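Under this note's numbering, the sequence shown has 117 at position 123, and the numbering climbs by one with no breaks.
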Amino acid sequence: ITYNIPRFRLLFSKIFVSLIIMSGIFLIQLIILSVFYFLVEGKIKNILQLIYSYTTLNAIVVTTIILTFAVMIQLTKNIVASVSIGIGFSLLSMILMAAPFSFFIPTAFGYRLGLHLIDNEFSYEGGMSSIIIGIGLFVLINCIMLIVNLRIIYKKKL
């Protein structure tokens, strides 16, 4: 099946729809989390920290996952394989989240940076340099994944 729509527009429409769906899920989770936190804790300042933390976590993790798995789906052409790889990647991120080098893994870095916003005990030993490296790698990896996505769609034959 071919479309009259340019390939890059198809890719970006799929990425945009993924972002809309993930944003909806994020907002529902954030509302539920905030309501329960307010019922237990009741302090507005802490709820704002929770919102900043959860937003940071989701922005980093969702952006990385959407762009990375767009490449995976295009390369494997198999949604089951992509989901299996995604589950493995999530488990790896959870295991390595507490590691001192977790800023090299964008999804683990997102979790750790989100926690750092709530409590400084979760910061890296390297201080601000580790956070800057983590943000730099997050931007670099997402740019690379975007370029790879575009190269793949332009090399495909219709």
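Every residue, glycine too, gets a C-beta built ideally from N, C-alpha and C. Quantities reported herein were computed from a predicted structural model and do not represent experimental measurements.
### Query
Given A75, which residues of its chain have a CB within under 7 Å of its CB, disregarding the five upstream and five downstream residues?
none
### Task
Go ahead and label F132 buried or exposed: buried means 16 or more other beta carbons lie within 10 angstroms of its beta carbon, across all protein chains shown.
buried
### Query
Helix, strand or coil: how does DSSP classify E35 here?
coil
### Message
Under 8 Å: do the region 48 to 67 and the region 99 to 113 share three or more Cβ pairs, one atom per stretch?
### Response
yes
### Task
Measure the alpha-carbon distance for L13 versus I22 and round it to whole angstroms.
14 Å
#### Entry: Alpha-carbon spacing of I79 relative to Q68, whole angstroms
13 Å
### Query
Considering only residues of the same chain and omitting the five flanking positions on each side of S28, which have a CB-CB separation below 7 Å?
I41, L44 and I45
### Task
Below 8 Å on the Cβ atoms is my guess for F2 versus I147; work out the distance and round it to an integer in Å.
7 Å
### Query
Is G128 near L109, with beta carbons less than 8 Å apart?
no
### Task
Measure the C-alpha to C-alpha separation of F30 and I19 and round it to an integer number of angstroms.
17 Å
### Query
Buried or exposed: where does F95 fall if 16 or more other Cβ atoms within 10 Å of its Cβ makes it buried?
exposed
### Message
Applying the 10 Å Cβ sphere with the 16-neighbour rule, what's the burial state of A64?
### Response
buried
### Query
Given a threshold of 16 other Cβ atoms within 10 Å of its Cβ, counted over all protein chains shown, does L61 qualify as buried or as exposed?
buried
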